[in-house]
Each structure stands twice: as C-alpha cells, then as structure tokens.
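Following: one structure in structure tokens, then a few remarks.
Protein chains: 2
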Amino acid sequence: MKSSQIRILIVDDEAQIRRFLRIALETQGYEVIEAASGREGLSQFAQHPPQLVLLDLGLPDLDGKQVLKDLRSRSNVPVMILSVREDEDEKVAALDAGANDYVAKPFGAAELSARIRAVLRAHNGHQASQPVLRCGDLTIDVSRREVTAAGKAVKLSKKEFEILHLLTHNAGRVLTHSYILHTLWGPEHEHDTQYLRVYVGQLRAKLNDDPAKPHYIANEPGVGYRMLDHAV
Amino acid sequence: MKSSQIRILIVDDEAQIRRFLRIALETQGYEVIEAASGREGLSQFAQHPPQLVLLDLGLPDLDGKQVLKDLRSRSNVPVMILSVREDEDEKVAALDAGANDYVAKPFGAAELSARIRAVLRAHNGHQASQPVLRCGDLTIDVSRREVTAAGKAVKLSKKEFEILHLLTHNAGRVLTHSYILHTLWGPEHEHDTQYLRVYVGQLRAKLNDDPAKPHYIANEPGVGYRMLDHAV
DNA sequence: CTTTTTTATGAGGGATTTATAAACGCGAGT
DNA sequence: ACTCGCGTTTATAAATCCCTCATAAAAAAG
Chain A
1 MKSSQIRILI
11 VDDEAQIRRF
21 LRIALETQGY
31 EVIEAASGRE
41 GLSQFAQHPP
51 QLVLLDLGLP
61 DLDGKQVLKD
71 LRSRSNVPVM
81 ILSVREDEDE
91 KVAALDAGAN
101 DYVAKPFGAA
111 ELSARIRAVL
121 RAHNGHQASQ
131 PVLRCGDLTI
141 DVSRREVTAA
151 GKAVKLSKKE
161 FEILHLLTHN
171 AGRVLTHSYI
181 LHTLWGPEHE
191 HDTQYLRVYV
201 GQLRAKLNDD
211 PAKPHYIANE
221 PGVGYRMLDH
231 AV
Chain D
1 MKSSQIRILI
11 VDDEAQIRRF
21 LRIALETQGY
31 EVIEAASGRE
41 GLSQFAQHPP
51 QLVLLDLGLP
61 DLDGKQVLKD
71 LRSRSNVPVM
81 ILSVREDEDE
91 KVAALDAGAN
101 DYVAKPFGAA
111 ELSARIRAVL
121 RAHNGHQASQ
131 PVLRCGDLTI
141 DVSRREVTAA
151 GKAVKLSKKE
161 FEILHLLTHN
171 AGRVLTHSYI
181 LHTLWGPEHE
191 HDTQYLRVYV
201 GQLRAKLNDD
211 PAKPHYIANE
221 PGVGYRMLDH
231 AV
C-alpha cells in the first residue's frame, strides 16, 4: 500500500517549534515526523525516508551543516534550513552545502507552506502534488483521484468525485444547493436541484450511506448538504 | 546543446538595480540580458531563452505576477522574484504562481548568488537525477531513450516516448488531458484531446496493454490518464 | 388530517468520451 | 523519385457518463 501522502521530517531541538510546525503542516495534509537532534534526524531519515527535510542549524549534538552534509552524501532530498541566524555568510554556506532554501526565524506559517510547495514543485518536476484529504474513515487522494471509505476503495465518476471533493473540503459546513451547483455545473444550472439529488444518491449508494442515518453525507432540508466530520 | 555559459534575464524597471545585478552576476561568470518592462521581458525571453529569470514585481506596464503567469504558460524556467514588498500574502501568491524563490530587497549580492546557485542546482538536478525510471515491469532509460516492458525491448517514436516518460514520471497520479497536451504539444494544443487518444492507443498496442483491463496506462473518463504503479 | 413541498431512487435516452483504423502530408534518407 | 517513418487529421463504432423523467417516500405547512 502506498499513498501519495507527503512525509516531512523536522529536525529541531526546540519542542515548541516542532509543535508549531507539526500543527501547521498536518493541517496542510502532510505527514510529519520529528527529530530533536542531528543523530536522531539522520536515523529517522534512514528509517522513514521523507520527501522533504526542515532542518534547524543550531542543534545540540551535531552541527546543522554536518547533518546537511551527511544527508547530501546519501540523498538529494530537498532540505530547507530554518534558522535564527540572519548572517549572510551563514546563508551562503548552507545554500552552497546543498540546502534548497533558507528561511530565517521568525517566519509565518503561510510563507513557509508556500516555500515548501515551491521546493517540492521544483523537485518533483512542475506538477504541484496535492495533499490527501481525510474525514473520518473517508480518504480522498486528489492527485491519484482515489477514494476509500472504511478501508475499501470506491470508484467514482467525474461528477461524483467533484461533489465528494467539494463536500469533504468543507467538511462540517452546510453547502447550499445553489452553491454546489454554481461551483460544479456553472451559474446557469444554479437552480437544477434535481441534478444534485441524483448524484448524491449515487454517491451514497457507492459509500453504503443510509440517508435516514447518514454516516457521510447529511441533508439539511430546504438548504443543502454537508459532510459529517465526527471527531476528526 | 546551448553554450556552456548560463544566461540570466533581469526584468526590472530601475536601471540602478539592473546595473548592480549585472555587475554582480557577470563577475560570477553569467551572461546577463536585461529588460526594463514586462513586455520587453517576455520578448527578450522569447528571443534569447535564459536559464533563469530575475523578476521584479513592481513593473510599469504589466503586473509582475502577470509576467510570471505568461512565463509559466510557456516554460518552466526557474524564476526568482525580487521585490521590495515584504508582505507575506504577496510572497505566498508569487510562490504559488510558480516562482522558485522570493528575495526581498535589499539583499546582499552573496546571498542572491547563493540562492541562484541553489535554484539552478535543484532545477538541473531533477532531470539528471534518474537515468532509468522503473515502474512495475516497465523500465525507461531516459538518456538512451530505451524502453522495456516485461523484459522485452519496445521501440517507441519520439512523441510516444515523451508521453510514456511523463506518465511514468508521475506514476500513480492522474494527469489531465490539458496538462499532458500543454506540456508536450504546447499551450496552443491544450484542447486537442484526440492527439492523445491516438498516441495512447499506439502506446498500448506496443505495450500489449488492454484498455479494458489496463496493466500500464489507465483512463480516467473525462479527466485524463495515469500510469498504474501496482506495488512499487 | 390533508395538502404542499422537499427528497430519494430507479431506469432509459441522448450526448459525450473513448478506442481504433485509416488516410494525408511531410521530411529524411536511400 | 521513391520509400519509410512519423505526426496529424478524419471517420466510425463502442463504451461510458450525464441528464431527464417518473414515481414514491418523507418532511413541512396549513
């Protein structure tokens, strides 16, 4: 079994920073593993090879640059340096040692995410890889276009997938009929509510969902539909 | 093959900055060409394709982001944004629009050079990184342009090879018709879906692949194609 | 309780998408 | 000039999906 979920290794000795990064990255759909020291980082890297490494330069045991060197000796995985040091020589040294980017602390979560996307995009070759959506026992791998419900793979048509994707992306919120229709069918079909009923019915059939006691898609009479997110 | 010298295009309306950059880059051995506006930048890009673009966001005619968009619609050349704006949203927007790096003015010449090296390294690295691609019982030797399926050598034409290469490089993911056409045929044939059908048919014939029960190339109706990666 | 609105679901026709063969134009090489 | 391979176009049958319609159940309103 291989999902296209992207794994990121954080190597930083400050637990607070690791926490902050983990939360920021997991909400983006990334899988996060941590290491509090250079040696642990290298060991983690060997055991669970990540697609990207976030590396702090100030580590207790090994120097961050040494860790980078070791990584580069065995892999060309993208490495982004996170550091408090604003020294230009430091940046140049790290970048020339093989780092793909150098972000000075403090940094915003949004900028870091965008830089991660940029680095991954450059490395994978142009196509930005999208994360895996999860909602209860439902997983949606957008780039693979694969859906599993309660462990079982479910084959969906294009429109079915679009509806499920839209609902899951806004899990918990009620999406009005007209909003869904406007988004997926276009403004001219905003009032063709029947379209939706048919497709939601097909979706529920494929997901083994009972409209009377919905596990996934719930109906809000007169308003629209919503994806249930019982305890994410 | 192009000349060994690496060409960099600077797009910035301030002559002073262009001068500063030109001096800094030429001492590093780069060939430098300049443009003072967005339109001139795009025209220069078309006439003398550079290996890297340094782009200022604040241009007199076109918006910098529009220039980036135009560049991205026809090339995946590395683009680094130079900007006085430190706004985080601005950075995120530029990076997500396809920029490879975002450097805030004022910056040091040494750091800029190092970042340029890092971006170029990452860009060149990913092409030379995998000399032979493997996916199931399919092997693709990129430099030799040789393909074997289930042990047997398969002779492919240029376009057939490009399609198979692109699909295999993103094995598992669904690549949309328009993405494949845009990448291999160019933006103007983005909607000529029939091209693809013919070539995918030829590929499947040469690979002995049955469209009804595909072993290699699977169709996602209404979306695109994907290479199957059963248990890598 | 009756009426009206909203929802669920099955089934089939029509339109779109796909697979495949085959013809055409073009340049490279013989 | 001829052939051959390749990329492009056209044509057509088959497969698939989207939409429509009909009907029944459920919910809301009167």
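Quick mapping for you: the protein sequence lines, in order, are chains A and D.
Take the first sequence: its letter number 172 is residue 172 in the UniProt record's numbering, and every next letter is one higher.
Take the second sequence: its letter number 48 is residue 48 in the UniProt record's numbering, and every next letter is one higher.
Glycine residues also receive a C-beta, built at the ideal position from the N, C-alpha and C atoms.
Where does the unbroken alpha helix (DSSP H) through residue i begin, and where does it stop?
{"i": "GLY201(D)", "result": "193-206"}
{"i": "residue 289(A)", "result": "As shown, chain A starts at 1 and ends at 232. That puts residue 289(A) outside it, with no answer to give."}
Rank the options by C-alpha distance to the C-alpha of residue i and give the top, closest one.
{"i": "ARG72(D)", "options": "PHE20(D), GLY222(D), TYR225(D) and LEU55(D)", "result": "LEU55(D)"}
{"i": "GLN28(D)", "options": "ALA114(D), LEU68(D) and LYS91(D)", "result": "ALA114(D)"}
{"i": "PRO50(D)", "options": "MET80(D), GLY186(D) and HIS215(D)", "result": "MET80(D)"}
{"i": "LYS65(A)", "options": "VAL84(A), VAL77(A), ALA93(A) and PRO211(A)", "result": "ALA93(A)"}
{"i": "GLY41(D)", "options": "VAL200(D), ARG173(D), PRO60(D) and LYS155(D)", "result": "PRO60(D)"}
{"i": "GLY151(A)", "options": "HIS165(A), LEU207(A) and PHE107(A)", "result": "LEU207(A)"}
{"i": "PRO131(D)", "options": "ARG121(D), ALA118(D) and VAL147(D)", "result": "VAL147(D)"}
{"i": "SER75(D)", "options": "GLN5(D), VAL200(D) and GLY186(D)", "result": "GLY186(D)"}
{"i": "VAL32(A)", "options": "ALA109(A), LYS69(A), ARG18(A) and LYS105(A)", "result": "ARG18(A)"}
{"i": "TYR199(A)", "options": "THR183(A), ASN170(A), ARG145(A) and GLU162(A)", "result": "GLU162(A)"}
{"i": "ALA117(D)", "options": "LEU25(A), LYS91(A) and ASN170(A)", "result": "The sequence given here has Arg at residue 117(D), not Ala. When each option's Cα is compared against that of ARG117(D), the closest is LYS91(A)."}
{"i": "ALA109(A)", "options": "GLU160(A), PHE20(A), LEU120(A) and ASP12(A)", "result": "PHE20(A)"}
Thinking C-beta only, is residue j closer than 8 Å to residue i?
{"i": "ARG7(A)", "j": "HIS48(A)", "result": "yes"}
{"i": "PHE45(A)", "j": "LEU9(A)", "result": "yes"}
{"i": "VAL103(A)", "j": "LEU82(A)", "result": "yes"}
{"i": "THR193(D)", "j": "HIS177(D)", "result": "yes"}
{"i": "LEU52(D)", "j": "VAL77(D)", "result": "yes"}
{"i": "ALA122(D)", "j": "ASN124(A)", "result": "no"}
{"i": "VAL223(D)", "j": "LYS158(A)", "result": "yes"}
{"i": "GLU190(A)", "j": "LEU203(A)", "result": "no"}
{"i": "GLU88(A)", "j": "GLU111(D)", "result": "yes"}
{"i": "ALA149(D)", "j": "LEU138(D)", "result": "yes"}
{"i": "LEU164(A)", "j": "LEU184(A)", "result": "no"}
{"i": "LYS69(D)", "j": "VAL84(D)", "result": "no"}
{"i": "LEU62(D)", "j": "ARG39(D)", "result": "yes"}
{"i": "ARG145(A)", "j": "VAL11(D)", "result": "no"}
In its own chain, which residues sit with a C-beta less than 8 Å from the C-beta of residue i, not counting the 5 before and 5 after it?
{"i": "ALA15(A)", "result": "ALA36"}
{"i": "PRO221(A)", "result": "none"}
{"i": "ALA97(A)", "result": "LYS65, LEU68, LYS69 and ARG72"}
Going along chain D, which residues have a C-beta under 9 Å from residue i?
{"i": "LYS158(A)", "result": "GLU220, PRO221, GLY222 and VAL223"}
{"i": "LYS91(A)", "result": "GLY108, ALA110, GLU111, ALA114 and ARG115"}
Would you give the residue range spanned by the beta strand (DSSP E) that residue i belongs to?
{"i": "TYR216(D)", "result": "Looking at the DSSP string, TYR216(D) is not in any beta strand (DSSP E), and its letter there is neither H nor E."}
{"i": "LYS152(A)", "result": "152-154"}
{"i": "VAL11(A)", "result": "7-11"}
{"i": "ARG173(A)", "result": "From DSSP, ARG173(A) is part of no beta strand (DSSP E); its letter is neither H nor E."}
{"i": "LEU138(D)", "result": "138-141"}
{"i": "ASP56(A)", "result": "52-56"}
Could you name the residues of chain A that residue i contacts, counting a contact when the two beta carbons are closer than 7 Å?
{"i": "LEU68(D)", "result": "Result: empty, since nearest Cβ-Cβ is about 12 Å, beyond 7 Å."}
{"i": "GLU162(D)", "result": "Under the 7 Å cutoff, chain A gives no residues; its nearest Cβ is about 13 Å from GLU162(D)."}
Excluding the five sequence neighbours on either side, which residues of its own chain have a C-beta within less than 6 Å of the C-beta of residue i, listed in chain order?
{"i": "LYS213(D)", "result": "none"}
{"i": "ALA218(D)", "result": "ARG226 and LEU228"}
{"i": "LEU133(D)", "result": "ILE140 and THR168"}
{"i": "GLY172(D)", "result": "ASP229"}
{"i": "MET1(D)", "result": "Its pLDDT being 40, under 50, MET1(D) is placed unreliably by the model, and the measurement read from it follows with that caveat. Cβ neighbours of MET1(D) beyond the five flanking positions: none."}
Could you tell me whether any non-hydrogen atom of the ligand ZN is closer than 7 Å to the CB of residue i?
{"i": "ALA212(D)", "result": "Absence of the ligand ZN from the depicted structure is noted, as is the absence of any ligand whatsoever, leaving it without description."}
Please list the partners that residue i has in chain D, where partner means a Cβ-to-Cβ separation under 7 Å.
{"i": "ASP87(A)", "result": "Under the 7 Å cutoff, chain D gives no residues; its nearest Cβ is about 10 Å from ASP87(A)."}
{"i": "ASP210(A)", "result": "Within 7 Å Cβ-Cβ: nothing; ASP210(A) doesn't reach chain D, min ~28 Å."}
{"i": "ALA99(A)", "result": "ALA118"}
Which same chain residues, not among the five before or five after residue i, have their C-beta less than 7 Å away from its C-beta?
{"i": "LEU196(A)", "result": "HIS177, ILE180 and LEU181"}
{"i": "PRO211(A)", "result": "ARG204 and ASN219"}
Listing by chain order, which chain A residues have their CB less than 9 Å from the CB of residue i?
{"i": "LEU54(D)", "result": "The contacting residues do not exist; LEU54(D) stays about 16 Å from chain A at best."}
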